[in-house]
Each structure stands twice: as C-alpha cells, then as structure tokens.
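Residue numbers (this note's numbering): 154 to 271. Presented below is the structure to which this report refers.
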Amino acid sequence: MPFQNPRTITVDTNATPTPVKIDAIPDDIAAVAFRRLVKHLQKRHDAENIDLMGLAGFCRNCLSDWIRDAGFEGDKAAAREVIHGMPFDEWKAAYQTEATQEQMARMEESLKRNGGSH
Numbered sequence: 154m155p156f157q158n159p160r161t162i163t164v165d166t167n168a169t170p171t172p173v174k175i176d177a178i179p180d181d182i183a184a185v186a187f188r189r190l191v192k193h194l195q196k197r198h199d200a201e202n203i204d205l206m207g208l209a210g211f212c213r214n215c216l217s218d219w220i221r222d223a224g225f226e227g228d229k230a231a232a233r234e235v236i237h238g239m240p241f242d243e244w245k246a247a248y249q250t251e252a253t254q255e256q257m258a259r260m261e262e263s264l265k266r267n268g269g270s271h
C-alpha cells in the first residue's frame with residue numbers, strides 16, 4: 154500500500170468515478186500548489202503571457218489580479234511583482250516579445266471561451 158499522508162485527499166479508483174471538487178482541497182494544500190505554479194512560471198520565461206492567454210485563457214497578469222481579488226493588500230504593481238518575481242516593467246523588457254497577429258487572434262478566441270471571467 155502506498156504511503157498516505159493524513160492530509161492527502163484519496164479517491165477510490167475502484168468506485169464509480171466522482172470528480173473531486175476543488176473546494177474539497179484544504180487551503181494550505183491549495184496554497185502550496187499555487188506557490189509552486191507561480192515559481193514554475195517565474196522560471197519559464199519562454200511561456201509568454203500572450204501564449205498562456207491563447208492556450209489557457211489566463212496569464213501571470215491574471216494571477217496578479219486574482220491575488221488582489223482574494224485580498225492581497227498591495228496595488229497592481231506590487232501584485233505583478235509578486236507573480237513575475239520582479240517589477241513588471243523589468244520583466245516585460247527582458248522577456249516579452251511583440252505579439253504576432255496569430256497570437257492576438259488565438260488570445261481573443263480563448264478569452265471568448267472564458268465566459269466573461271478571467
């Protein structure tokens with residue numbers, strides 16, 4: 154039997170499939186996963202915001218908006234610095250390239266699928 158952390162959410166794979174609801178994940182576990190995602194994106198500068206928007210309908214800037222929505226007390230610039238790992242203007246100058254028409258079109262199409270939220 155595999156090791157089971159007492160905080161781990163287990164799913165009986167022999168039972169009828171039932172999706173695990175995201176709200177069932179304790180906040181401390183979700184926070185660890187969120188921080189890991191942010192750190193991953195801070196290392197993956199090649200994953201540009203425009204491409205993230207085109208593929209997934211969100212980007213680093215969305216994450217910075219979301220932490221503010223969740224109660225982060227800093228302003229927009231401070232939130233972006235937390236998510237990008239450096240001041241946004243510095244990140245933009247170092248890593249953001251000019252978006253192509255194809256990237257812009259893909260982003261616009263992706264945003265339509267977000268159903269009015271980002």
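A virtual CB, placed ideally from N, CA and C, is assigned to each residue, including glycine. All figures in this text were calculated on a predicted structure; none of them were measured in a lab.
So is residue i buried or exposed if we call it buried at 16+ other beta carbons inside 10 Å?
i: L205; result: buried
i: H237; result: buried
i: L216; result: buried
i: R197; result: exposed
According to DSSP, is residue i part of a helix, a strand, or is it coil?
i: W219; result: helix
i: A230; result: helix
i: K196; result: helix
i: Q249; result: coil
i: E261; result: helix
i: A186; result: helix
i: N280; result: With the chain represented from 154 up to 271, any question about residue 280 goes unanswered, as that position is not in the structure.
i: F241; result: helix
Going by the CB atoms, is the gap between residue j and residue i shorter than 9 Å?
i: P220; j: C212; result: Residue identity differs from the one stated: residue 220 is Ile in this sequence, not Pro. No. Outside cutoff.
Mind checking which residues open and close the alpha helix (DSSP H) that includes residue i?
i: D292; result: Residue coverage of the chain in this structure runs from 154 to 271, which leaves residue 292 outside it and unanswerable.
Excluding the 5 residues preceding and the 5 following residue i in the sequence, name in chain order all residues of the same chain whose CB lies nearer than 7 Å to its CB.
i: N214; result: N202 and R233
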